[in-house]
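Presented below is the structure to which this report refers.
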Amino acid sequence: MAKMLGSAYTQEKHLTTGQAGHIIPRQGVLMSGFNVYVRSNMLLASSGMTYPRDEAPFSTSIPPAPSLKYAGIETSPDGETGLAIDIEGLNMGIFKYEKVMRIWLKVLAYGVERKPTLEMVSTSMAPGRIILTGFKGTKPFGKELVKFSELGAATVTVEGEVIVSDSPKHGVFRSAGSGVIPVTFTNPETKDVDKMRQHLVAYRKRMNRRTYLRRVAHRMVAVELADRLLEREERRKGETSQTS
């Protein structure tokens, strides 16, 4: 898999090119074939494909970025508030073996951010509307699954990518990101909305307080160390003057 690394120019470009306008995390430059091997198999695992695979993908297998045509608020067939996404894989007919669409979401609510997370993996590349009614929660949200109907005021940013493989033996290539669409939720006040808002506001205040106390603690430690160093310096000066 070392041949996946490409030229020194390509490596430097990957290292210096930013990800402005995207939310999908892109890890830094790959400095060894082992790193490429590990990363390729991590992509396989997170995309629901079989792994490990030892063969490098063909250089012609880089897929085009998918087309994110629409993202907005719609009601699901069950009557719940949902995030509707319309995304399509482009020119996917040339990839005969495996191809999956991956949907990433970033959530910002009441000043608390859930970092971009892989939310959905689909084998469908055809145009079609997907409606998600919730997202994977994290510690700040206090639950494993958060419904969009619980968000009184939040911005959810959507981005997609495509992963392809040439055979059961070959690693994968990922496309560039589709570009992003932010969706703003403003649900009416309900018991669930109020509960989530109070939880997030309390969490944000606690984190802000923690940050402040860490700064205070650092200053206190610095002052204590400075006092000890000063005492040691003065003691040495006294010992030097006595011997002289």
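Per the working numbering, the very first residue in the sequence shown carries number 23; after that it's consecutive.
Beta carbons are placed, not taken as given, at the ideal position from N, Cα and C, and that holds for glycine.
Return helix, strand or coil for residue i, following the three-state DSSP convention.
{"i": "serine 89", "result": "strand"}
{"i": "methionine 71", "result": "coil"}
{"i": "serine 62", "result": "helix"}
{"i": "histidine 36", "result": "With a pLDDT of 45 at histidine 36, under the threshold of 50, the modelled position of this residue cannot be trusted; read the value that follows with caution. Of the three classes helix, strand and coil, the one that applies to histidine 36 here is helix, per DSSP."}
Strictly by DSSP, which residues pair up with residue i?
{"i": "alanine 131", "result": "Val134 and Ala176"}
{"i": "valine 122", "result": "Ile185"}
{"i": "glutamate 271", "result": "Since the first residue shown for the chain is 23 and the last is 266, residue 271 is missing from the structure and cannot be characterised."}
{"i": "threonine 97", "result": "Thr103"}
{"i": "isoleucine 152", "result": "Ile107"}
{"i": "serine 146", "result": "In DSSP, serine 146 forms no bridge with anything."}
Tell me, to the nearest whole angstrom, how far the beta carbon of residue i is from that of residue j; I am working on the premise that it is less than 8 Å.
{"i": "glycine 193", "j": "alanine 78", "result": "6 Å"}
{"i": "methionine 218", "j": "leucine 173", "result": "7 Å"}
{"i": "leucine 222", "j": "alanine 131", "result": "6 Å"}
{"i": "phenylalanine 170", "j": "glycine 104", "result": "6 Å"}
{"i": "alanine 175", "j": "valine 129", "result": "Incorrect: roughly 12 Å between the Cβ atoms, too far for contact."}
Could you pull the start and end residues of the alpha helix (DSSP H) that residue i belongs to?
{"i": "aspartate 216", "result": "213-265"}
Where do the N-terminal and C-terminal ends of the beta strand (DSSP E) with residue i fall, by residue?
{"i": "threonine 267", "result": "Outside the shown range of the chain (23 to 266) lies residue 267, about which nothing can therefore be said."}
{"i": "valine 168", "result": "167-169"}
{"i": "glycine 156", "result": "156-158"}
{"i": "isoleucine 203", "result": "203-207"}
{"i": "arginine 48", "result": "Element bounds for arginine 48: n/a, residue is neither H nor E."}
{"i": "phenylalanine 195", "result": "194-196"}
Taking contact to mean at least 3 C-beta pairs separated by less than 8 Å, is the stretch 156-167 in contact with the stretch 131-138? yes
Taking contact to mean 3 or more Cβ pairs, one atom from each stretch, closer than 8 Å, check whether the stretch 227-239 and the stretch 202-216 are in contact. no
Okay, do the stretch 178-198 and the stretch 87-99 touch, 3+ Cβ pairs below 8 Å being the bar? yes
Pairing CB atoms from the stretch 116-131 with CB atoms from the stretch 67-74, are three or more of them under 8 Å? yes
Using 8 Å as the cut-off, can you tell me whether the stretch 92-100 makes contact with the stretch 149-157, which would need three or more C-beta pairs spanning the two stretches below that distance? yes
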